[in-house]
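Student: Take a look at this one; I'll ask things after.
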Amino acid sequence: MSRTVVVLGGGISGLAASYHLSRAPRPPKVVLVEGSKRLGGWIRSIRGPGGAIFELGPRGIRPAGVLGARTLLLISELGLDSEVLPVRGDHPAAQNRFLYVDGALHPLPSGLRGLLRPSPPFSKPLLWAGLRELTKPRGKEPDETVHSFAQRRLGPEVASLAMDSICRGVFAGNSRELSIRSCFPSLFQAEQTHRSVILGLLLGAGQSPQPDSALIRQARAERWSQWSLRGGMETLPQTLDTYLTSRGVSVLRGQPVCGLSLQAEGHWKVSLGDSSLEADHIISAIPASALSKLLPTEAAPLAQVLNTITAVSVAVVNLQYRGARLPVQGFGHLVPSSEDPGVLGIVYDSVAFPEQDGSPPGLRVTVMLGGSWLQTLEASGCVLSQELFQKQAQEAVATQLGLKEPPSHCLVHLHKNCIPQYTLGHWQKLESAMKFLAAQRLPLTLAGASYEGVAVNDCIESGRQAAISVLGPESNS
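Read in full-length UniProt numbering, the sequence shown has 288 at position 288, and its numbers run on one by one without any break.
Written out as structure tokens, the structure reads:
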């Protein structure tokens, strides 16, 4: 009789795990359990007036590296090649990114000329920071905050302007709390291996075998910086849902898990309110803190560790303007915490993907709100109204981009606890969790954004790796 694997969570990580389980030569019985009525997690696309696409979550995927190639391979396997909207290397959205500092937009330096000349908001050419970095000794600590690492290796300006902004843009987090080892492992490894981040990145970590397909070769030849899908990013989870159903995977929506208990012979009982499931193995692709509340008393040490992996909220405000023009062309801009504690950045959606502007076309931008401003509001217990977020976003767009007219369309969504925070020492939490699972031989595998990467590519890979660990090495597809 074949094994039953229950996958908790129908976000992109759980969908990817189910996908790879279902494609095994001898697939187990797979049951995907999602608490809400829809699949896709934070990936959500809404069609607005005139057919415009508004992304409430991720709005593009990077094709770079092995993980980027693997996601493109998935796209091809699902028959979605013709739906891909690429941003090619010569496009303004690939070449131009900005920082908003001292009330002005500044292009981030790129290329040799950008490094050799002074580029505000930095007081000296970034070449000096690079030369300084090459001469710095290797750090001795097993982990360090992103701010401390950047300040030590690249100087205070790069730390407080560039790395602060990047941490806000990627993690909606604080560079003085986030871990360099867990948030930017390639930078940490470069220093450990080559003593210098710059040398390490130039020399690389050795070539991993890359998957190959026509789409991957096209992305490489055209130097794509990112890509989306014509009907929005949610096309990916929707297509995975259809595929899984065709492969005999049971997909249960609107079924929140109430608890997990271990039965005789190491089987799981998954309680779903008024019913339950039996499982030989569980892949958990729900947030670590949510899993911690479901685990049985035998797994209390694991629950304690998982409960310390916290997440922050982000308010996403999608705005569309008729007849408006941006002052610059690029992907968007980031805002350091010293400039505005609440506005993380603004994405210029229409520059990267004009195909999604609708008819008649209207300029689309997305304002990301969060940081200490939102954390203080949440802690104070005051009402977090849509009007508050819309007002904050429109003020940011008026001040930072000069778009002072009221928008023709506006969507406001508060994503509570949506981005896990890999704070200092996160690697020790993962090590502790893995040791406990191995020592107790628990038939439980962890996947999702809580552990080793918050980007879509990372989540898809975590689902793939979880499936491989359940199926065994011969399944390594």
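We put the beta carbon where it would ideally sit given N, CA and C, even for glycine.
Across which residues does DSSP place residue 100 in a beta bridge pair?
Tutor: 105
Student: Could you give the C-beta distance for residue 495 and residue 470, rounded to a whole number, given that I count them as a contact under 8 Å?
Tutor: With the chain covering 1 to 477 only, the question about residue 495 has no answer from this structure.
Student: Using CA atoms only, rank isn't needed, just tell me which of 362, 419 and 451 is closest to residue 407.
Tutor: Here the closest residue by C-alpha is 362.
Student: List in chain order: all unbroken alpha helix (DSSP H) runs of 4+ residues lying wholly within the segment 302-369.
Tutor: 349-352
Student: Within 7 Å: the Cβ of residue 138 and any heavy atom of the ligand ZN?
Tutor: Absence of the ligand ZN is noted for the structure shown, with no ligands found whatsoever.
Student: Across which residues does DSSP place residue 269 in a beta bridge pair?
Tutor: 261 and 278
Student: Going by the CB atoms, is the gap between residue 305 and residue 432 shorter than 8 Å?
Tutor: Cβ atoms of residue 432 and residue 305: closer than 8 Å.
Student: What residue from 334, 30 and 199 has the CA that sits closest to residue 137's CA?
Tutor: 199
Student: Note down, in chain order, each residue of its chain lying with its Cβ closer than 7 Å to the Cβ of residue 171, except the 5 sequence neighbours on either side.
Tutor: 178, 183, 419, 421 and 454
Student: Can you tell me the Cβ-Cβ gap for residue 334 and residue 168, rounded? I've got them flagged as a contact below 8 Å.
Tutor: 6 Å
Student: Count Cβ pairs between the segment 300-317 and the segment 386-395 that sit closer than 8 Å; are there 3 or more?
Tutor: These segments touch.
Student: Report yes if the C-beta distance between residue 517 and residue 232 is below 8 Å; otherwise report no.
Tutor: With the chain covering 1 to 477 only, the question about residue 517 has no answer from this structure.
Student: Please name the residue, chosen from 415, 423, 429 and 159, that lies closest to residue 43 on a Cα-to-Cα basis.
Tutor: 415
Student: Considering only DSSP beta bridges, list what residue 86 is partnered with.
Tutor: 227
Student: Just list the residues that DSSP pairs residue 419 with in beta bridges.
Tutor: 312
Student: Please name the residue in 2, 209 and 425 whose C-alpha comes closest to that of residue 65.
Tutor: For residue 65, the nearest C-alpha among the options comes from 209.
Student: Within the same chain, show all residues whose beta-carbon is closer than 6 Å to that of residue 157, passing over the 5 residues directly before and after it, in chain order.
Tutor: 122
Student: Considering Cα atoms alone, identify which of 429, 79, 63 and 435 is closest to residue 242.
Tutor: For residue 242, the nearest C-alpha among the options comes from 79.
Student: Using the Cα positions of residue 337 and residue 165, report the straight-line distance between them to the nearest angstrom.
Tutor: Using only the alpha carbons, I get a separation of about 7 Å.
Student: CB-CB under 6 Å to residue 150, same chain, minus the five flanking residues each way: which ones, in chain order?
Tutor: 158, 159 and 163
Student: Is it right to say residue 429 is buried, meaning 16 or more other beta carbons lie within 10 angstroms of its own, or is it exposed?
Tutor: buried
Student: Considering residue 75, what are the terminal residues of the alpha helix (DSSP H) in which it resides?
Tutor: 65-77
Student: Got a sec? Which residues, its chain only, sit under 8 Å from residue 97 by beta carbon, not counting five neighbours each side?
Tutor: Once the five neighbours on either side are set aside, the close Cβ partners of residue 97 are 107, 108, 330, 331, 332, 333 and 334.
Student: Once you ignore the five residues that flank residue 460 on each side, which residues in its own chain have a CB closer than 8 Å to its CB?
Tutor: 12, 13, 16, 67, 70, 71 and 74
Student: Taking its Cβ as the centre, do 16 or more other Cβ atoms sit within 10 Å of residue 274, making it buried, or is it exposed?
Tutor: exposed
Student: Contact defined as beta carbons within less than 8 Å: I believe residue 381 pairs with residue 313. What is the distance between those atoms, to the nearest angstrom?
Tutor: Wrong, their Cβ atoms sit about 14 Å apart, outside the cutoff.
Student: What does the Cβ neighbour count give for residue 186, buried or exposed, with the cut at 16 atoms within 10 Å?
Tutor: exposed
Student: Sort 202, 227 and 131 by Cα distance to residue 61 and report the nearest one.
Tutor: 227
Student: Out of 248, 251, 272 and 279, which has the shortest C-alpha to C-alpha gap to residue 263?
Tutor: 279
Student: Entirely within the segment 146-172 and at least 4 residues each: give me those alpha helix (DSSP H) ranges in chain order.
Tutor: 146-154 and 164-171
Student: Thinking C-alpha only, which one of 201, 246 and 464 is nearest residue 133?
Tutor: 201
Student: With DSSP run on the structure shown, which of helix, strand or coil describes residue 382?
Tutor: Three-state result, residue 382: coil.
Student: Can you give the Cα-Cα distance for residue 404 and residue 311, rounded to whole angstroms?
Tutor: 33 Å
Student: Give me the Cβ distance between residue 35 and residue 255, rounded to the nearest whole Å; I'm assuming they're in contact under 8 Å.
Tutor: That pair is a contact at about 7 Å.
Student: If you drop the 5 nearest sequence neighbours on each side, which residues of the same chain put their C-beta closer than 7 Å to that of residue 457?
Tutor: 61, 62, 67, 68 and 71
Student: In whole angstroms, give me the CA-to-CA distance for residue 29 and residue 450.
Tutor: Distance between the alpha carbons of residue 29 and residue 450: 26 Å.
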